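The opening position of the sequence shown corresponds to residue 1065 in the working numbering, with each subsequent residue numbered one higher.
In what follows, a single structure is set out as structure tokens and then discussed.
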Amino acid sequence: MSAPEDVGPAQGATRTLLARAADFAALRGGTPERPPLPGQPATGVAVVACMDARLNVEALFGLAEGDAHIVRNAGGVVTEDVERSLAVSQHALGTTEIILVHHTRCGMEQISDEGFSEALAERTGVRPPWRVRAFADVAVDVLEGIRTLRSSPFLRASTSVRGFVYDVDSGELQEITESSLTARKQGTSV
């Protein structure tokens, strides 16, 4: 494989990652001890999570290669494309459970759709046709995501959908439910 030419100043990290990928491929190769993995996730689970580098989904849930589908984006927001990916995951590859994971101190709580669009338009000269999907409260957005997925005509009604907020400082998960959010708003615990 020939090395592509650098296209910009920030190529050092990419070169390092490509070298690691070559090492990975050398170790992974299809051998009798390590047969090829099927496309279907072994656990039947799809995880939707924020792309934040502090959230290591595989380590958090003890997932091995081939265990689950991982769908990530800014905020872990349930978008049309997330719904598309989950429909494929479920109907073509057999997943039956969905876990949503947002996290504390998320950058999506620090921006606004309009403010981000304006800043991006100033920097690039083009206003984005999409919303960034910022949110003010991570737990509320998890619950909105759960509701969206449970009402999706593209997912089976029997699909288990649960949502959590990962604490980036303690490593703990807090499950978000209608009752936990109501209790939080009322200042009580569930």
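Cβ atoms here follow ideal geometry from the backbone N, Cα and C, with glycine treated the same way.
None of these values were measured; they are calculated from a predicted model.
Near the ligand ZN: residue i beta-carbon under 8 Å from a heavy atom
{"i": "residue 1135", "result": "Absent from the structure shown: the ligand ZN. Ligands present: none."}
Residue i vs residue j beta-carbon contact at 9 Å
{"i": "residue 1139", "j": "residue 1233", "result": "no"}
{"i": "residue 1231", "j": "residue 1167", "result": "yes"}
{"i": "residue 1246", "j": "residue 1227", "result": "no"}
{"i": "residue 1176", "j": "residue 1198", "result": "yes"}
Sequence-distant residues of its chain with Cβ nearer than 7 Å to residue i (five each side left out)
{"i": "residue 1191", "result": "1181, 1185"}
{"i": "residue 1137", "result": "1115, 1143, 1146"}
{"i": "residue 1219", "result": "1150, 1151, 1154, 1213"}
{"i": "residue 1174", "result": "none"}
{"i": "residue 1104", "result": "1157, 1158"}
{"i": "residue 1011", "result": "Missing from the structure shown is residue 1011; the chain here goes from 1065 to 1254 and no further."}
Pairwise C-alpha distance: residue j and residue i
{"i": "residue 1200", "j": "residue 1090", "result": "45 Å"}
{"i": "residue 1239", "j": "residue 1114", "result": "16 Å"}
{"i": "residue 1108", "j": "residue 1225", "result": "12 Å"}
{"i": "residue 1088", "j": "residue 1081", "result": "10 Å"}
{"i": "residue 1077", "j": "residue 1121", "result": "22 Å"}
{"i": "residue 1162", "j": "residue 1099", "result": "27 Å"}
{"i": "residue 1237", "j": "residue 1075", "result": "35 Å"}
{"i": "residue 1083", "j": "residue 1207", "result": "40 Å"}
{"i": "residue 1086", "j": "residue 1101", "result": "19 Å"}
{"i": "residue 1215", "j": "residue 1250", "result": "27 Å"}
{"i": "residue 1229", "j": "residue 1211", "result": "16 Å"}
{"i": "residue 1196", "j": "residue 1187", "result": "16 Å"}
{"i": "residue 1092", "j": "residue 1248", "result": "46 Å"}
{"i": "residue 1079", "j": "residue 1194", "result": "31 Å"}
{"i": "residue 1189", "j": "residue 1217", "result": "37 Å"}
Classification of residue i by the beta-carbon crowding that lies within 10 angstroms, buried from 16 upward
{"i": "residue 1172", "result": "buried"}
{"i": "residue 1106", "result": "exposed"}
{"i": "residue 1158", "result": "exposed"}
{"i": "residue 1183", "result": "exposed"}
{"i": "residue 1179", "result": "exposed"}
{"i": "residue 1209", "result": "buried"}
{"i": "residue 1110", "result": "buried"}
{"i": "residue 1070", "result": "Note that residue 1070 scores 49 on pLDDT, short of 50, meaning its location in the model is unreliable and no value can be drawn from it."}
Contacting residues, own chain, Cβ-Cβ under 6 Å from residue i (five flanking each side not counted)
{"i": "residue 1118", "result": "1232"}
{"i": "residue 1112", "result": "1135, 1140, 1146, 1164"}
Beta-carbon proximity list for residue i, same chain, < 8 Å, skipping 5 on both sides
{"i": "residue 1235", "result": "1124"}
{"i": "residue 1222", "result": "1160"}
I want to know whether the region 1121 to 1128 touches the region 1148 to 1160 - three or more CB-CB distances under 8 Å.
The region 1121 to 1128 makes no contact with the region 1148 to 1160: fewer than 3 CB pairs, one atom from each, lie closer than 8 Å.
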